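Have a look at the structure below before the remarks.
Number of protein chains: 2
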Amino acid sequence: MPTVARTMDRRITRSSPPASGRQAAVPRSDNRLPLILDAAARFFSEKGFGHTSMRDIAGMAGMLPGSLYYHFASKEELLVAVYAEGVRRIKAAVEPVLAKGGDPWTRLENACAAHLEGLLEDSTYGQVVIRVRPDDAPEVAARLVALRDEYEATFGQAIAALPLPPRTDRRALKLMLLGALNWSQTWYRSGKDSPQVLARRFVRLLRDPLDA
Amino acid sequence: MPTVARTMDRRITRSSPPASGRQAAVPRSDNRLPLILDAAARFFSEKGFGHTSMRDIAGMAGMLPGSLYYHFASKEELLVAVYAEGVRRIKAAVEPVLAKGGDPWTRLENACAAHLEGLLEDSTYGQVVIRVRPDDAPEVAARLVALRDEYEATFGQAIAALPLPPRTDRRALKLMLLGALNWSQTWYRSGKDSPQVLARRFVRLLRDPLDA
DNA sequence: CACCATACCGAACAATTGTTTGTTTTTGAA
DNA sequence: TTCAAAAACAAACAATTGTTCGGTATGGTG
Numbered sequence: 007m008p009t010v011a012r013t014m015d016r017r018i019t020r021s022s023p024p025a026s027g028r029q030a031a032v033p034r035s036d037n038r039l040p041l042i043l044d045a046a047a048r049f050f051s052e053k054g055f056g057h058t059s060m061r062d063i064a065g066m067a068g069m070l071p072g073s074l075y076y077h078f079a080s081k082e083e084l085l086v087a088v089y090a091e092g093v094r095r096i097k098a099a100v101e102p103v104l105a106k107g108g109d110p111w112t113r114l115e116n117a118c119a120a121h122l123e124g125l126l127e128d129s130t131y132g133q134v135v136i137r138v139r140p141d142d143a144p145e146v147a148a149r150l151v152a153l154r155d156e157y158e159a160t161f162g163q164a165i166a167a168l169p170l171p172p173r174t175d176r177r178a179l180k181l182m183l184l185g186a187l188n189w190s191q192t193w194y195r196s197g198k199d200s201p202q203v204l205a206r207r208f209v210r211l212l213r214d215p216l217d218a
Numbered sequence: 007m008p009t010v011a012r013t014m015d016r017r018i019t020r021s022s023p024p025a026s027g028r029q030a031a032v033p034r035s036d037n038r039l040p041l042i043l044d045a046a047a048r049f050f051s052e053k054g055f056g057h058t059s060m061r062d063i064a065g066m067a068g069m070l071p072g073s074l075y076y077h078f079a080s081k082e083e084l085l086v087a088v089y090a091e092g093v094r095r096i097k098a099a100v101e102p103v104l105a106k107g108g109d110p111w112t113r114l115e116n117a118c119a120a121h122l123e124g125l126l127e128d129s130t131y132g133q134v135v136i137r138v139r140p141d142d143a144p145e146v147a148a149r150l151v152a153l154r155d156e157y158e159a160t161f162g163q164a165i166a167a168l169p170l171p172p173r174t175d176r177r178a179l180k181l182m183l184l185g186a187l188n189w190s191q192t193w194y195r196s197g198k199d200s201p202q203v204l205a206r207r208f209v210r211l212l213r214d215p216l217d218a
């Protein structure tokens, strides 16, 4: 955190361009903001937040480091934008599954598969949500946590719909399953078991009795 | 990674002092190496590897930044040392549980509890093993992974001993359970449910059938 | 007591970092 | 065609980073 003086009234949040005056603030068609987000997502997901520099991102987007600050007030704000998009995409993959009818257990399994695809294969955005810990960006940590919670609530619906024995701890079940899924980013190797297969295995382990 | 020139023959690994000559290389009683490790473990576990500086560590150990390089050839080598100690401690907590006789399910539950205590409450060393991803230190990533695997093998014994229905995927079971446990570092808040309670809940969810 | 390796100090270096600021180019609407 | 807003450039700044290196005190061994 260089340049010591942060003027008090400084606009710390700027998820969209200034819009300082009263004008319409209409964006231009050659806006490279999507490029920036894509580049940031790619780097954050592969090298993590700390080991990614603004120069890395700018380079991949074909522009200069300082130019990023037209779109984002800080590196951490850029992370928030990527994070939000990541959550949006995972939700977009899981929600249609929940909307469908059918067996609740099957719905849960499909939701897990969609979740896994988001973290493992499909989207670099989704990988960022799991890879980057909120603590890595202290200034915006609270907002990152809020974004995660927002999704976890969605996932919780799949569990709330299950027909479970009375006195089952659904909260523990949610934490356990989500933890197992998210941690898979650590050991998953592309090309071996697919997300669908893994989801099936995990759900089966919960569903079937393991006692002999 | 400053100072561009890394001489070819440079000793990249030095987990213990030089021992350059032929002498006994006997350590001195005022050796502050344990202080360094403690400080490093504390910072790595709280701020992560990337956001911890050698000055942070040296400061807490009451010495100057450069002095750390008498004990470790690099920041990454320091991490390896902390990591190794973390694995050692978790293993030391889990192994006696496995050695005891009794019901395999109870042993698993106790192993999980010991594991959780290592990641959540007891030891900053143990927290580092889970918090810091091998990728964060590319130069030594392979060794960190090896250390993790070494422990996971230990944990696997608890699962191998379970009397399970035939055709049960023990590997998936291990990955699922370990993932759920490790991810708890994300949501765990001290003072609420204890590691023992959490371990009991998780194992119960696996053991009992959830189907109605 | 003499001696040597151990352990640390003190001070710097070179690189990289996130960020700022003034200026220039480009777009789209009037 | 004019012109203000949008978007990016160009160049730097200040701070922090991991690391190096010659010197120095100190503890243990003979």
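In the order they appear, the protein sequences are chains B and L.
Everything in the first sequence is counted per my numbering, starting at 7 for the first residue and increasing by one.
Everything in the second sequence is counted per my numbering, starting at 7 for the first residue and increasing by one.
Ideal Cβ placement from N, Cα and C applies to all residues, glycine included.
Since we're looking at a predicted model, the values are computed, not measured.
Looking at residue i: is its Cβ nearer than 8 Å to the Cβ of residue j?
i: L104 of chain L; j: R113 of chain L; result: yes
i: W189 of chain L; j: G185 of chain B; result: yes
i: E115 of chain B; j: V209 of chain B; result: yes
i: L85 of chain B; j: A143 of chain B; result: yes
i: V134 of chain B; j: V88 of chain B; result: yes
i: Q202 of chain B; j: R137 of chain B; result: no
i: A90 of chain B; j: L153 of chain B; result: yes
i: P110 of chain L; j: L168 of chain L; result: yes
i: C118 of chain L; j: L187 of chain L; result: yes
i: E82 of chain B; j: E158 of chain B; result: no
i: T174 of chain L; j: L183 of chain B; result: no
i: L170 of chain B; j: R177 of chain B; result: no
i: G197 of chain B; j: D141 of chain L; result: no
i: G108 of chain L; j: G56 of chain B; result: no
Closer than 8 Å by C-beta to residue i: which residues in its own chain qualify, once you throw out the five before and the five after it? Chain order, please.
i: T160 of chain B; result: K97, V100, E101, L104
i: F49 of chain L; result: T58, D62, I63, M66
i: V32 of chain L; result: none
i: R34 of chain B; result: none
i: Q163 of chain B; result: L104
i: I165 of chain L; result: L114, R176, L179, K180, L183
Is there at least one Cβ from chain B nearer than 8 Å to residue i's Cβ?
i: P71 of chain L; result: no
i: G185 of chain L; result: yes
i: R207 of chain L; result: yes
i: L212 of chain L; result: yes
i: P8 of chain L; result: Bear in mind that a pLDDT of 41 at P8 of chain L, under 50, signals an unreliable position, so the number given afterwards is only what the model happens to contain. Not closer than 8 Å to any Cβ of chain B, the Cβ of P8 of chain L fails to qualify, so no.
Does the beta carbon of residue i sit closer than 8 Å to a beta carbon anywhere in chain L?
i: P215 of chain B; result: yes
i: L114 of chain B; result: no
i: D44 of chain B; result: no
i: D142 of chain B; result: yes
Keeping to the same chain, check which residues put their C-beta closer than 6 Å to that of residue i; ignore five residues upstream and five downstream.
i: E52 of chain B; result: none
i: L41 of chain B; result: A67
i: D44 of chain B; result: none
i: L219 of chain L; result: The question about residue 219 of chain L has no answer, for chain L in this structure spans 7 to 218.
i: A46 of chain L; result: I63, L84, V88
i: T130 of chain B; result: A47, R48, S51
i: R207 of chain L; result: none
i: D199 of chain B; result: none
i: Y194 of chain L; result: L126
i: D214 of chain B; result: none
Skipping 5 residues on each side, what residues in its chain have a beta carbon closer than 7 Å to that of residue i?
i: P71 of chain B; result: M60, R61, A64
i: R38 of chain B; result: A67, M69
i: G132 of chain L; result: G92, R95, I96, G124, L125
i: E156 of chain L; result: V93
Any residues in the region 153 to 182 of chain B with a beta carbon nearer than 8 Å to a beta carbon of chain L? Which ones, in chain order? L168, P169, L170, P171, T174, D175, A178, L179, L181, M182
Output, in sequence order along the chain, the residues in the region 55 to 80 of chain L whose CB is closer than 9 Å to any CB in chain B. The residues in question are F55, G56, H57.
If the cut-off is 8 Å on Cβ atoms, which residues from the region 189 to 203 of chain L count as contacting chain B, listed in chain order? W189, S190, T192, W193
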